[in-house]
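Chains F and D, in that order, are what the protein sequence lines are. Mapping of the first sequence onto numbering that gives the first Met the number 0: position 19 corresponds to residue 18, and the numbering continues sequentially without gaps. Mapping of the second sequence onto numbering that gives the first Met the number 0: position 304 corresponds to residue 303, and the numbering continues sequentially without gaps. Beta carbons are placed, not taken as given, at the ideal position from N, Cα and C, and that holds for glycine. These numbers were taken from a predicted model, which means no experiment stands behind them. To start, the structure under review is shown below, and the notes come after it.
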Amino acid sequence: MLFSPAITRLVDVFRRLPGIGPKTALRLVFFVLSMEKEEVEEMARALVDAKRRVKHCARCRNLTEQDICSVCRDERRDQSLLCVVQEPRDMMVIEKTGQFKGLYFILHGALSPVEGFGPEELKIPDLLQLMKTGGVKEVIIATNPNVEGDATAFYIAGAARPLGIMVSRIGFGLPVGGDLEYADELTMTRALEGRREI
Amino acid sequence: MFIKDLILTNFRNYEKEKLQFAPGICIVQGANGQGKSNLLEAIYCLCFGRSFKNYKDSDLVKWERPFYFIQGTVVLQKHPYKMEVGFETGKRRKVVKVNGKVDKKFSLEGNFPVVFFVPEDLEMIRRGPEERRRFIDREICQISALYRDYLIRYNRIIAQKNKILKENIQKKELREMLHVWNRQIVHFGSRIIKIRNEMISIWSSLASRNYACLFQESQLLSISYENCLGIKEITTDIEEIEKTFQNEIKKTEEEEMRRGYSLLGPHREDLLFLLDGREARRFASHGQQRSAIISLKAAQIQFFNDKKEKPLFILDDLFSELDEFRMEQCFSLFKGAEQVFITITRKDNYLEPFLEKFSDFSFFHVSEGKVMELKENGKSRTFC
Ligand SMILES: Nc1ncnc2c1ncn2[C@@H]1O[C@H](COP(=O)(O)OP(=O)(O)O)[C@@H](O)[C@H]1O
Ligand SMILES: [Mg+2]
Ligand SMILES: [Zn+2]
Numbered sequence: 000m001l002f003s004p005a006i007t008r009l010v011d012v013f014r015r016l017p018g019i020g021p022k023t024a025l026r027l028v029f030f031v032l033s034m035e036k037e038e039v040e041e042m043a044r045a046l047v048d049a050k051r052r053v054k055h056c057a058r059c060r061n062l063t064e065q066d067i068c069s070v071c072r073d074e075r076r077d078q079s080l081l082c083v084v085q086e087p088r089d090m091m092v093i094e095k096t097g098q099f100k101g102l103y104f105i106l107h108g109a110l111s112p113v114e115g116f117g118p119e120e121l122k123i124p125d126l127l128q129l130m131k132t133g134g135v136k137e138v139i140i141a142t143n144p145n146v147e148g149d150a151t152a153f154y155i156a157g158a159a160r161p162l163g164i165m166v167s168r169i170g171f172g173l174p175v176g177g178d179l180e181y182a183d184e185l186t187m188t189r190a191l192e193g194r195r196e197i
Numbered sequence: 000m001f002i003k004d005l006i007l008t009n010f011r012n013y014e015k016e017k018l019q020f021a022p023g024i025c026i027v028q029g030a031n032g033q034g035k036s037n038l039l040e041a042i043y044c045l046c047f048g049r050s051f052k053n054y055k056d057s058d059l060v061k062w063e064r065p066f067y068f069i070q071g072t073v074v075l076q077k078h079p080y081k082m083e084v085g086f087e088t089g090k091r092r093k094v095v096k097v098n099g100k101v102d103k104k105f106s107l108e109g110n111f112p113v114v115f116f117v118p119e120d121l122e123m124i125r126r127g128p129e130e131r132r133r134f135i136d137r138e139i140c141q142i143s144a145l146y147r148d149y150l151i152r153y154n155r156i157i158a159q160k161n162k163i164l165k166e167n168i169q170k171k172e173l174r175e176m177l178h179v180w181n182r183q184i185v186h187f188g189s190r191i192i193k194i195r196n197e198m199i200s201i202w203s204s205l206a207s208r209n210y211a212c213l214f215q216e217s218q219l220l221s222i223s224y225e226n227c228l229g230i231k232e233i234t235t236d237i238e239e240i241e242k243t244f245q246n247e248i249k250k251t252e253e254e255e256m257r258r259g260y261s262l263l264g265p266h267r268e269d270l271l272f273l274l275d276g277r278e279a280r281r282f283a284s285h286g287q288q289r290s291a292i293i294s295l296k297a298a299q300i301q302f303f304n305d306k307k308e309k310p311l312f313i314l315d316d317l318f319s320e321l322d323e324f325r326m327e328q329c330f331s332l333f334k335g336a337e338q339v340f341i342t343i344t345r346k347d348n349y350l351e352p353f354l355e356k357f358s359d360f361s362f363f364h365v366s367e368g369k370v371m372e373l374k375e376n377g378k379s380r381t382f383c
């Protein structure tokens, strides 16, 4: 055995993080071992603390330390407008533009049977509840422009339509259920852009 | 389009080879097992960023080596493109670069006019339908980036749909879920059907002419697209195809739920070879089947005749079982190419009479993973 059990264990822990292979994990371990004891303790506390405090907002599933996140509590925001995104970082991107004044709902994924993500896992029933009782008039679906993102958009749109809610899809600029031919042009444009890149 | 130079590092049985090529006909000669096919595979990888069959990148790495690396220059419409394709086994990392820039989407695929022949193609008629579908897809992907994009999405959708069909969910919920995937199946599937139909009918009419004229076979060859919608004449109207598809998929829904996998779509189609209206798979001789396949290959070559850019042909072992007459016919097709790579095993000068009609040709000798260009010395050229 080249390394002590404690080191091996820590390597294994780091390797669970996304994008960290065995080499990087080992480098991180060596770095941690070279740090001051207080610093390492602070790091460990920060990890546990974040995990203990941060939870999903009961309304939009944003990451927050309160029951209801600050975005949802902001009364200047338009309650009738709801944007559905896949990940918290998608919400951040939209927030940065400063253009969107409504509220969000974060799915933390997209419909993908292969990966075990169904409507329950994405809390789509909660989303529907919010649409029914939260005074939502318009839903903008901003899931990723791939087959899973599209399937999620279609599913939500299908459930929202009977409620008389207007549904649109950004990233494509076309209403769900409308003419998908436009998406073809997009694919085409992408292919052409790829061609221009060389 | 043509390949100007190529550097192979740890690719298959090549350790390190630096090669220069000129437009025209490049004859690659060598005994069996020396690396001719591997060289042609490397050229294919250079153009498309991956191998042509279902080879994994780890198969392409020279045994016991940590990586493979292919570099080379592809000249397309007089512009040189510096291509790099590499794979590291340990990190399972694949990198494709075009002119030094990482190309994540393999955006060149579909833009390079390449026709590729491998001996396995000859088996196609007798093999199962998935083999023929793979052939259709490989060939169309090479000329249409759009088709490739549709196909990748479509296959992903089918995997997702099959998963929910296997899951144990309540019927009403299952229907709702099927709906969101079927909707995309209809969308992308219809486009795949439309493109397949257009391509196959072009190939079919050229191939049947080749079968009769080029190879002087007496029967009538037709290649029929067995589409999943069971339509004789597919319209060019995409909405029409979508409508039919939508109706059919609705009808299949119950059975799909019962059987637990998807039953309708381009992933269940086939290509049928008919001689005088009879299925070649069941009734044609081995020789007739060969002629049919080569007629189809020739059709793919002719497809490029009216295109602006002259294509590249990569033909592995095409001549091994052809008689002189058929060989001559094949050579006549090479006029339409900017560059042709063709492998042979024979050492003698039996191709000389055919090559006389071409001004540009070069010879390469392959032996144990080493390639040597044979320059013309005096009037006769010898392999030794
Ligand atoms: N990954 C690999 N590493 C080393 N050698 C390989 C690899 N893959 C195939 N080979 C060798 O390459 C040779 C086959 O070369 P190939 O190009 O198919 O021959 P041919 O000249 O008959 O077309 C075989 O001897 C095989 O052992
Ligand atoms: Mg070979
Ligand atoms: Zn919230």
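With its beta carbon less than 9 Å from one in chain F, Ile-163 (chain D) belongs to the interface. For Arg-155 (chain D), the enclosing alpha helix (DSSP H) starts and ends at 144-165. DSSP places Cys-82 (chain F) inside the beta strand (DSSP E), whose first and last residues are 77-84. Under the Cβ distance rule, Ser-79 (chain F) does not count among the residues neighbouring chain D, no pair being separated by less than 9 Å.
Membership of Thr-342 (chain D) in the beta strand (DSSP E) is indicated by the continuous run 338-343.
Scanning the segment 24-89 of chain D from its first residue to its last, the whole beta strand (DSSP E) runs of 3-plus residues come out as 66-75, 78-87.
If you ignore the 5 residues before and after Ser-221 (chain D), its C-beta comes within less than 7 Å of the C-beta of Ser-203, Ser-207, Leu-273, all in its own chain and listed in chain order. Its Cα nearest to that of Asp-58 (chain D), the residue D:Asn-9 stands out among D:Tyr-80, D:Asn-9, D:Met-82, D:Lys-35.
Neighbourhood of ligand 3, defined by CB distance below 6 Å to any of its heavy atoms: F:Cys-56, F:Arg-58, F:Cys-59, F:Asn-61, F:Ile-67, F:Cys-68, F:Val-70, F:Cys-71, in chain order. Trp-180 (chain D) is classed as buried because its beta carbon has at least 16 other beta carbons within 10 Å across all chains shown. At a cut-off of 9 Å between C-beta atoms, Asn-143 (chain F) does not count as an interface residue with respect to chain D. Out of D:Phe-20, D:Gln-28, D:Arg-91, D:Ile-240, the CA that lies nearest to the CA of Asp-347 (chain D) is found in D:Gln-28. Under DSSP, Lys-93 (chain D) takes part in a beta bridge, and its partners are D:Phe-86.
Residue contact check for Gln-245 (chain D) against chain F: no CB pair falls below 9 Å.
Glu-166 (chain D) has a beta carbon lying within less than 9 Å of a beta carbon in chain F.
Val-113 (chain D) sits close to Pro-310 (chain D), with the two beta carbons spaced by under 9 Å. The beta carbons of Ala-150 (chain F) and Val-84 (chain F) sit no closer together than 9 Å. When the Cα atoms are used, Ile-313 (chain D) and Gly-163 (chain F) turn out to be separated by approximately 59 Å. With respect to the 9 Å criterion, Ile-139 (chain F) and Cys-82 (chain F) are classified as neighbours on the basis of their beta carbons. In this structure, the C-beta of Asp-316 (chain D) approaches ligand 2 to less than 8 Å from one of its heavy atoms. Collapsing the DSSP output to three states places Phe-244 (chain D) in a helix.
The C-alpha of Ala-49 (chain F) lies about 42 Å from the C-alpha of Lys-55 (chain D).
If you look at Phe-282 (chain D), you'll find it in the alpha helix (DSSP H) that goes 279-282. In the DSSP annotation of this structure, the continuous segment of the alpha helix (DSSP H) that includes Thr-151 (chain F) starts and ends at 146-159.
A straight-line Cα-Cα distance of about 10 Å links Glu-138 (chain D) and Met-198 (chain D). When the five nearest sequence neighbours on each side are left out, the beta carbons in the same chain lying within less than 6 Å of the beta carbon of Arg-14 (chain F) are those of Ala-24, in order along the chain.
Between Arg-174 (chain D) and Glu-252 (chain D), the CB-CB gap stays under 9 Å. Taking a Cβ-Cβ threshold of 9 Å, the residues of chain F close to Glu-175 (chain D) are Pro-118, Tyr-154, Gly-157, Ala-158, in chain order. Boundaries for Asn-209 (chain D): no alpha helix (DSSP H) harbours it, and the DSSP string shows neither H nor E there. Residue pairing of Ser-366 (chain D) in beta bridges, as defined by DSSP: D:Lys-369. Going by C-alpha positions, Pro-112 (chain F) is about 6 Å away from Ile-163 (chain D). Closer than 8 Å to some heavy atom of ligand 2: that does not describe the Cβ of Ser-33 (chain F).
Taking CB atoms only, Gln-159 (chain D) has a neighbour in chain F less than 9 Å away. Contact annotation, Ile-24 (chain D) with Phe-360 (chain D): C-beta distance approximately 4 Å; criterion of less than 8 Å satisfied. Under DSSP, Leu-102 (chain F) takes part in a beta bridge, and its partners are F:Leu-81.
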